[in-house]
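**Q**
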Amino acid sequence: MPAELCGVVLAAGAGTRLRPLTDELPKALCPVGNRPLVDLALDRLLSLGCTDVAVNVHAFPSLMSSHLEGRAFLSYERPVALGTAGALGALRPWIGGRATIVTNADAYLVGPLEELLSGWSGTTIRLGVVTDELRPDFEGRRYAGVCVMPWSDVSGLDAVPSGLYEVSWAAAERAGRLELIDLEGPFVDCGTPTDYLAANLLASGGETVVGEGAVLLGSAERCVLWPGARVEADETLRDVIRTAKGLTVQA
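Reminder that position 136 of the sequence shown reads as 135 in numbering that gives the first Met the number 0, one-by-one numbering, no gaps.
(1) Let me know the secondary structure DSSP gives Asp51 once reduced to three states.
(2) From Leu67 to Ala58, what distance separates their C-alpha atoms?
(3) Pick out whichever of Ala213, Ala219 and Val214 has its Cα sitting closest to the Cα of Gly205.
(4) Smallest Cα separation from Asp51: which of Gly85, Leu62, Val101 and Ala228?
(5) My understanding is that Gly88 touches Ala158, with C-beta atoms under 8 Å, so please give their C-beta distance in whole angstroms.
(6) Considering only C-alpha positions, which residue in the set Arg134, Val147, Tyr142 and Asp238 is nearest to Cys49?
(7) Roughly how many whole angstroms lie between the Cα atoms of Gly95 and Arg70?
(8) Report the residue from Leu246, Arg221, Leu215 and Gln249 whose alpha carbon sits nearest the alpha carbon of Glu234.
(9) Across the segment 179-192 and the segment 15-23, are there enough close Cβ pairs to call them in contact, namely three or more that are closer than 8 Å?
(10) Can you tell me which of the three DSSP states Gly82 falls into?
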């Protein structure tokens, strides 16, 4: 395993499928278990020994900057988001020859990650995967939003809108250089309100998640109440997300 590692959190997605929640907050700041998704992603990198990390930013740049100030190098993507490959292309000067652990900000992934790096030669691309027969990416297994890439693969990426599978992983797969590493999970891609609620309920053990400053006067079963949200005494909520601005999203 290479001695030098850096970490990148991909957090510049528009969150289109998660709307209307992402009209109020960037997806990376939507809380799961009362912690912003981007903080959970930073924890994943730290658990793998990455203390030097970067986060790419597109939507809500001021909010993201305020939240991450002093904790990560920020790569601002303007005027358009660059996608998973373009993000690394823009970060090449910062990565500077190091192997890179890449994780998606919208991934809720619980469980040990050490297998991702255990015995790694430093020459292949490794993808963390979980078993998922319903939504597989690779023969019954689904990409779990975390991978490690050698500098030799990162160095060829350009800062243009592009995806990692299309411009890097597919070729590595054909060449026998793509390794799938089974992780215990659970894993949830928090791309839709339904999956976002599912991740919160996993984090809470099935109980309603009540954010800081939220007021619960009525009934809320299997819900997510964002910080500052309010449920009035005459309301009965089930399987919804309630935001600080009073938006109620059925999951």
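Cβ atoms here follow ideal geometry from the backbone N, Cα and C, with glycine treated the same way.
All values derive from a computational prediction rather than experimental measurement.
**A** On the basis of the supplied data:
(1) coil
(2) Taking the straight line joining both Cα atoms gives about 14 Å.
(3) Of the candidates Ala213, Ala219 and Val214, the one whose C-alpha sits nearest the C-alpha of Gly205 is Ala219.
(4) Val101
(5) 4 Å
(6) Val147
(7) 19 Å
(8) Leu215
(9) yes
(10) Here Gly82 sits in helix by DSSP.
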